[in-house]
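Enquirer: Residue numbers (the working numbering), protein chains in the order written: chain A, 4 to 222; chain B, 4 to 222.
We treat Cβ as the ideally placed atom computed from N, Cα and C, and that holds for glycine.
Sharing a structure, written as structure tokens. Questions coming.
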DNA sequence: CGAGTAAATTACTGACCAGTCATTAAGCAA
DNA sequence: TTGCTTAATGACTGGTCAGTAATTTACTCG
């Protein structure tokens, strides 16, 4: 309409930014419709590009998917590392982990990634292996270490730390998933996320409180 | 080859059994590939039929999917009802519920249904509503009642029973999901399901054991 | 400014698959 | 056995979409 608008180029050359844009758009679209139902044209439109452009940066749909998962998983690891405070008090360290974890679980990226992983991962053994070692085992090792410190110092009851870490994850991850499905989980829908967090945290620490006999320090 | 074989009809008329056969096959195929990636030809082959036959019993793919979910969910409810023992002792009642629930969670049907629900449910508001009221709320009400009885009689610590039931479900459902993803969850892979069950049950009951101080008031 | 090149677009093709329908065959009844 | 009903088949069609390639457009540098 105006001369300003007519001087604007229809599109710009941004080879540096394209991969990131495409991956972000692809994650969103894949998460909503699944791998098979996602059309490359939709991803392109979502990224404000044309389909052909995607093929300049990724060889095909499947490889784009691989890269989406890989990059998201790596982002998760990076973030997980942040949660791990260099905190001598194991209870405080756990609380910081829980807090960071809960924030992550409520993010759209977790929701998207989780949906993709639960459905498509079995078709991609390489991604599955990557996820198993680089996310699950790594995160578990991290939490387990803190839990062991808590048990050694007597602020947590003694039990298999691997089991203890699995229980912790169960509670948080499941609530994270429900949080994103509030439509079907009405009992969660109206509860403030922070309250939800406290419920989970308190429940866990109650389960882990030291045995009756040594009632020295309680949190 | 033999006269016996040549006398066998190429196919049989079984109008009574077809719908069930098709639904079973469809659940299996949908669960493995998702709605969009599942080909009607595959479902037909899986059921030992031709594609055309499916269209004699279901108007289209989407409606077949709806019916698959509906019938599976109804089967779940029926089964859930079985778990609820008419057991006066709330602890024993809970244990029976846990046992039945854990068996169900480990079944292929749960795995299939769960995958479908997490991915496709958002596109089917009617199914979502059905699932919310007929499964989640109903099951929750059931467990909550038993928990309340346990709290009243003093064998369980007092807390919001709705929260207590959510925590119970979290632990079991999440472990159920991991059980079906043992490939990615190596720490679970080598553990006997019964041991896993005991770990979850014990953890939960420890979390719910009555407070240290007031071990007196029993009714 | 052009001329060159790299980025992005768009129109196209071939494969795939949901849904249809004309044909075949099973089973039944007389 | 024959003829009728209807279950079941499978070849076919039309639309959709991944991937390609010819073309256009933005940018750069002499």
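#1: Sort B:58, B:71 and B:43 by Cα distance to residue 27 of chain B and report the nearest one.
#2: In whole angstroms, what separates the C-alpha of residue 20 of chain A from that of residue 60 of chain A?
#3: In chain A, what lies closer than 8 Å to residue 24 of chain B by C-beta?
#4: Report the residue from A:211, A:204, A:203 and A:205 whose alpha carbon sits nearest the alpha carbon of residue 205 of chain B.
#5: Considering only the alpha carbon of each residue, which of B:149, B:82 and B:53 lies closest to residue 44 of chain B?
#6: If you run the structure through DSSP and keep just helix, strand and coil, what is residue 220 of chain A?
#7: Please confirm if residue 54 of chain B has its CB atom under 8 Å from at least one CB of chain A.
#8: Scan the region 176 to 188 of chain B for residues whose Cβ lies nearer than 7 Å to a Cβ of chain A and list them as they occur along the chain.
#9: For residue 50 of chain B, which three-state DSSP category applies?
#10: When burial is assigned at 16 or more other CB atoms within 10 Å of the CB, is residue 221 of chain A buried or exposed?
#11: Are there 16 or more other CB atoms within 10 angstroms of the CB of residue 108 of chain A, so buried, or fewer, so exposed?
#12: Leaving aside the five residues before and after residue 4 of chain B along the sequence, list all residues of the same chain whose C-beta is less than 8 Å from its C-beta, in chain order.
#13: Spell out whether any CB of chain A is found under 8 Å from the CB atom of residue 121 of chain B.
#14: Should residue 111 of chain A go down as buried or exposed, given a rule of 16 or more other Cβ atoms within 10 Å for buried?
#15: In whole angstroms, give me the CA-to-CA distance for residue 37 of chain A and residue 94 of chain A.
#16: Which residues of the region 151 to 165 of chain A have a Cβ closer than 9 Å to any Cβ of chain B? Give them in chain order.
#17: Can you name the residues of chain A whose CB is closer than 7 Å to the CB of residue 170 of chain B?
#18: Can you give me the C-alpha to C-alpha distance between residue 35 of chain A and residue 180 of chain A, rounded to a whole angstrom?
#19: May I have the straight-line CA-CA distance separating residue 175 of chain A from residue 157 of chain A, to the nearest angstrom?
#20: Pull up the distance between the alpha-carbon of residue 125 of chain B and that of residue 126 of chain A, whole angstroms please.
#21: Distance cutoff 8 Å, beta carbons only. Does residue 46 of chain A sit that close to anything in chain B?
#22: At a cut of 8 Å, does the region 193 to 203 of chain B reach the region 146 to 157 of chain B through at least three beta carbon pairs?
#23: Pop quiz: residue 1 of chain A and residue 33 of chain A are said to be a contact at Cβ under 8 Å. What is the actual Cβ separation, rounded to whole angstroms?
#24: Of the choices B:91, B:106 and B:86, whose alpha-carbon is the least far from that of residue 99 of chain B?
#25: Between residue 108 of chain B and chain A, is any beta-carbon pair separated by less than 8 Å?
#26: Report the residues of the region 123 to 141 of chain B with a CB closer than 9 Å to any CB of chain A, ordered along the chain.
#27: Below 6 Å CB to CB, which residues in the same chain sit around residue 161 of chain B once its five sequence neighbours on both sides are set aside?
#28: What residues from chain A crowd round residue 118 of chain B, counting only those whose CB sits closer than 8 Å?
#29: What number of angstroms, rounded off, separates the C-alpha of residue 192 of chain B from the C-alpha of residue 82 of chain A?
#30: For residue 196 of chain B, which residues in the same chain have their Cβ closer than 8 Å to its Cβ, ignoring the five residues on either side in sequence?
#31: Straight-line CA distance for residue 66 of chain A to residue 31 of chain B?
#32: Does the distance from the CB of residue 173 of chain A to the CB of residue 49 of chain B come in under 8 Å?
#33: Looking at C-alpha atoms only, which residue of A:141, A:214, A:146 and A:164 is the closest neighbour of residue 187 of chain B?
#34: Give me the residue from A:58, A:77 and A:16 with the minimum Cα distance to residue 138 of chain A.
#35: Taking the CB atoms as reference points, tell me whether residue 13 of chain A and residue 122 of chain B lie closer together than 8 Å.
#36: Could you check what DSSP says for residue 170 of chain B in three-state terms: helix, strand or coil?
Expert: Once the coordinates are examined:
#1: B:71
#2: If I take the Cα positions, the gap works out to 11 Å.
#3: By Cβ distance, chain A contributes nothing, its closest Cβ being about 24 Å from residue 24 of chain B, past 8 Å.
#4: A:211
#5: B:53
#6: Here residue 220 of chain A scores only 45 on pLDDT, less than 50, and its place in the model should not be relied on; the value that follows carries that caveat. The answer is coil: DSSP assigns residue 220 of chain A none of H, G, I, E or B.
#7: no
#8: 176, 177, 178, 186, 187 and 188
#9: coil
#10: In this prediction, residue 221 of chain A scores a pLDDT of 42, lower than 50, which makes its location untrustworthy; no coordinate-derived value is stated.
#11: Under the 10 Å beta carbon count, residue 108 of chain A is surrounded by 16 or more other beta carbons and is classified as buried.
#12: Any reading at residue 4 of chain B must be qualified, since the residue scores a pLDDT of 38, below 50, and its modelled position is unreliable; no value is offered.
#13: Residue-level contact by beta carbon holds for residue 121 of chain B and chain A, with a gap shorter than 8 Å.
#14: exposed
#15: Looking at the two C-alpha atoms, the distance is approximately 39 Å.
#16: Correct list: 160, 162, 163 and 165.
#17: 174 and 206
#18: 15 Å
#19: Straight through space, the alpha carbons of residue 157 of chain A and residue 175 of chain A are spaced by roughly 24 Å.
#20: 23 Å
#21: No, because no Cβ of chain B sits closer than 8 Å to the Cβ of residue 46 of chain A.
#22: no
#23: Absent from the model: residue 1 of chain A. The displayed extent of chain A is 4 to 222, so no value can be given.
#24: Ranking the options by Cα distance to residue 99 of chain B, first place goes to B:86.
#25: no
#26: 123, 124, 125, 126, 128, 131, 132, 134, 135, 136, 138, 139 and 140
#27: 154
#28: Residues of chain A whose Cβ lies closer than 8 Å to the Cβ of residue 118 of chain B are, in chain order, 121 and 122.
#29: 27 Å
#30: 105, 109 and 182
#31: 26 Å
#32: no
#33: A:141
#34: A:77
#35: no
#36: Annotated three-state conformation of residue 170 of chain B is helix, per DSSP.
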